[in-house]
Amino acid sequence: MKTKLALLILLVLSCNYLFSQSGFKQGYIVKLSGDTVYGEITLMGDKTMNKECVFRQKDTAQIYYPGEIKAYCIINNKLFVSRNMNGKDVFLEYLIHGILNVYYLRDDTGEHYYVEKDGLGMEELIYSEKYVKKGDGTEYLEKSNDHIRILNKYTSDVPDMVKFQKEIKKIIRPGHGNLIKIAKKYHEEVCPDDACTIFRQKSKVRIDLELLGGAANYKSLIFDNEQPFGGTNFMTGLYAYIWLQRESDSFFFKTGVALSPQKEWDWNNVQSDLNYTYAREGKNKLYHKIPFFMEYMYSKYNIQPRIGLGLNLHQFKYTAIGSNVGVNIKLYEKIYLSLNYEIDWTIRSFPNKLCTQSFYGGIRYSL
1091 MKTKLALLIL LVLSCNYLFS QSGFKQGYIV KLSGDTVYGE ITLMGDKTMN
1141 KECVFRQKDT AQIYYPGEIK AYCIINNKLF VSRNMNGKDV FLEYLIHGIL
1191 NVYYLRDDTG EHYYVEKDGL GMEELIYSEK YVKKGDGTEY LEKSNDHIRI
1241 LNKYTSDVPD MVKFQKEIKK IIRPGHGNLI KIAKKYHEEV CPDDACTIFR
1291 QKSKVRIDLE LLGGAANYKS LIFDNEQPFG GTNFMTGLYA YIWLQRESDS
1341 FFFKTGVALS PQKEWDWNNV QSDLNYTYAR EGKNKLYHKI PFFMEYMYSK
1391 YNIQPRIGLG LNLHQFKYTA IGSNVGVNIK LYEKIYLSLN YEIDWTIRSF
1441 PNKLCTQSFY GGIRYSL
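Written out as C-alpha cells, the structure reads:
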C-alpha cells in the first residue's frame, strides 16, 4: 500500500508540464522593431525574470530571452530592459529613470546594482564583505565602500556637494530603497522642473491561507517513550504560506496550526499480566501541531506540485522532523484546491520510527 502511494505521488510530481500556465499579470513587451504588444506576463522571482520573459496573448504563451526583445513591463510593478553585460545578454530591472538611472540584476553570483548617466555611461556599484584577521588573531567583518566613490562621481554636479555626500555616506550597503531614494533626491536637486520615474514598486510579501480538513494518524502520542498508539481521527486547521518575491520563484515558509482529537493513555491507572503492563484508555484530548516548514512549489502551471521539509511542534513540547508532498489545483484566479500527505518522526528515532502521518485537503487562497 505504501509503495503504491509513493508511486502515485511521483506520478503527480512528474505530470506538471502537461498543464497550462498560470500566475500571469497584465503587461507588455517592446519588440526589437519598437512595436509594443500588450498581453500578460508571468510574475516570478527576480533571478528568473532577469533571464526570461513568459508572455502570452489569449491562451498562447511564449518565452522571450534577453536580446530577442528590447524590454518588457508588468504594469504598475516592474520594467525590464535588455542589455549586454560583459558579453552576456540579460534583462536589467529598471528601478528609477531620471538624470541618474539605477538598474538591478540578480544572478547566480548574487545581487548587482548599476548606475547610468549621460556622459559617464553605466557602472556597477561594487560592494563586498569579507572577514579579515587582525594581528592578534581576532576577526572582523570588512565592508567595501567602492559604491560610495562611484555615487560621488556620478553626482558630482549637485549644488551642495558636501551635504549630498553625507547622504551618500549613509548607504552602508546598496539596496533598492536607498538607491532609489538617493537617485530621486539627486534628480530633484539638479533638475527640479522635471520629475523622475520610479518603476520598481515595493517588494510585496505574498501570503496564502489554507483552510484544511482530513485525517491524522498518531503512532505515538507520548514522544519520549516507545509505547504505540494506533488511532486515526479527524483533523482541521489553518496554514499560512509566506513568499517573498525577491528571494525565490517557488520557495514558501509554511506555518499555522492543525488540530486533532486523540485519545490519551492513562499511565496512572495500569493493569498487568505475566508479560506486559497496560495503560488504560483515557479521555479524548485535542492535540495540536505547529509546522515550521520550507516548501518548494512549482508554480508555473494550473496544477502545482509541492514538497516540503521542516519541523513540527506538538503540544508546545515535542519536536518532530516532518516532510510533506502535495499538489495545488487552480479553481479560480486566487483559489486552489490543495491535497497533501504529511509524515513526521521524533528527532531521536529519525528515520526509523514513524510518529504521525496525515492526509488532508483544503482550500487555499492567495491574499
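Here the numbering used here is used: the first residue of the sequence shown is 1091, the next is one more, and so on.
Note that CB positions come from ideal geometry on N, CA and C, so glycine has one too.
Quiz prompt | Beta carbon of residue 1380 nearer than 8 Å to that of residue 1415 | solution = No. Outside cutoff.
Exercise. Could you tell me the boundaries of the alpha helix (DSSP H) in which residue 1242 lies?
Key: 1236-1244
Practice problem: Assign residue 1254 to one of three DSSP states: helix, strand, or coil. | Solution: In the structure shown, residue 1254 adopts helical secondary structure according to DSSP, grouped into three states.
Quiz item: Three or more beta-carbon pairs under 8 Å between the stretch 1180-1192 and the stretch 1260-1277, yes or no?
Solution: yes
Practice problem: Report back the beta-carbon spacing between residue 1306 and residue 1350 to the nearest angstrom; my notes put them in contact at under 8 Å. | Solution: The beta-carbon distance between residue 1306 and residue 1350, rounded to whole angstroms, is 4 Å. This is short enough to meet the 8 Å contact definition.
Practice problem: Count the other CB atoms, across all protein chains shown, that sit within 10 Å of the CB of residue 1281; report buried if there are 16 or more and exposed otherwise. | Solution: exposed
Practice problem: Helix, strand or coil for residue 1285, going by three-state DSSP, please let me know. | Solution: In the three-state scheme derived from DSSP, where H, G and I count as helix and E and B as strand, residue 1285 is classed as coil.
Practice problem: Give the DSSP-derived three-state secondary structure of residue 1137 in the structure shown. | Solution: helix
Quiz item: Can you tell me whether DSSP reads residue 1270 as helix, strand or coil?
Solution: helix
Self-check item: Per-residue burial, residue 1387 [other beta carbons within 10 Å of its own, 16 or more giving buried]
Solution: buried
Quiz item: Are the beta-carbon atoms of residue 1255 and residue 1268 separated by less than 8 Å?
Solution: no
Quiz item: Going by alpha carbons, who is nearest to residue 1236 out of 1247, 1264 and 1402?
Solution: 1264
Quiz item: Are residue 1180 and residue 1195 close, meaning C-beta to C-beta below 8 Å?
Solution: yes
Quiz prompt | Sequence-distant residues of the same chain with beta carbon closer than 8 Å to residue 1364, five excluded per side | solution = Below a pLDDT of 50, predicted positions are generally treated as unreliable, and residue 1364, at 48, falls in that range; the measurement from the model is reported next regardless. Here the set comprises nothing.
Quiz item: Taking just the CA atoms, how far does residue 1345 sit from residue 1410?
Solution: 14 Å
Quiz item: Enumerated in chain order, which unbroken segments of the alpha helix (DSSP H) with a length of 4 residues or greater are wholly contained in the stretch 1193-1225?
Solution: none
Self-check item: Extent of the continuous beta strand (DSSP E) to which residue 1423 belongs
Solution: Element bounds for residue 1423: n/a, residue is neither H nor E.
Exercise. Report the option in 1396, 1400 and 1248 whose CA atom is closest to the CA atom of residue 1427.
Key: 1396
Quiz item: Over what stretch of residues does the beta strand (DSSP E) that includes residue 1186 continue unbroken?
Solution: Segment 1178-1187, the beta strand (DSSP E) holding residue 1186.
Quiz item: Which partner residues does residue 1350 have in the DSSP bridge list?
Solution: According to DSSP, residue 1350 bridges with 1377.
Exercise. Quickly, what does DSSP pair residue 1300 with across the bridge? List them, please.
Key: As DSSP reads the structure, residue 1300 sits in a beta bridge with 1329 and 1454.
Self-check item: Beta-carbon proximity of residue 1220 to residue 1262, cut-off 8 Å
Solution: no
Exercise. Specify, as a first and last residue, the run of the beta strand (DSSP E) that residue 1229 falls within.
Key: 1229-1233
Quiz prompt | Contact between the stretch 1138-1145 and the stretch 1204-1219 (3+ Cβ pairs under 8 Å) | solution = no
Quiz item: What's the C-alpha gap between residue 1123 and residue 1451?
Solution: 49 Å
Quiz item: If you count every other CB in all the chains shown that lies within 10 Å of the CB of residue 1134, and 16 or more means buried, which is it?
Solution: Under the 10 Å beta carbon count, residue 1134 is surrounded by 16 or more other beta carbons and is classified as buried.
Quiz item: Which value, in whole angstroms, describes the spacing of the CA atoms of residue 1342 and residue 1385?
Solution: 5 Å
Self-check item: Where residue 1276 sits in the DSSP three-state scheme
Solution: helix
Self-check item: Through-space distance from residue 1176 to residue 1117, alpha-carbon basis
Solution: Whole-angstrom Cα-Cα distance: 28 Å.
Self-check item: Reduced DSSP secondary structure (H/G/I, E/B, other) of residue 1407
Solution: coil
Quiz item: When you compare each of 1393, 1412 and 1448 to residue 1400 by their alpha carbons, which one comes out closest?
Solution: 1412
Quiz prompt | residue 1190 to residue 1150 span [Cα, whole Å] | solution = 38 Å
Quiz prompt | Cβ shell of residue 1197 (< 6 Å), same chain only, five flanking positions each side left out | solution = none
Self-check item: Cβ-based burial, residue 1383 [other Cβ within 10 Å; buried from 16]
Solution: buried
Exercise. Along the beta strand (DSSP E) that carries residue 1146, what are the first and last residues, could you check?
Key: 1143-1147
Quiz item: According to the neighbour-count rule (16 or more other Cβ atoms, all chains shown, within 10 Å of its Cβ), is residue 1199 buried or exposed?
Solution: So residue 1199 ends up on the exposed side.
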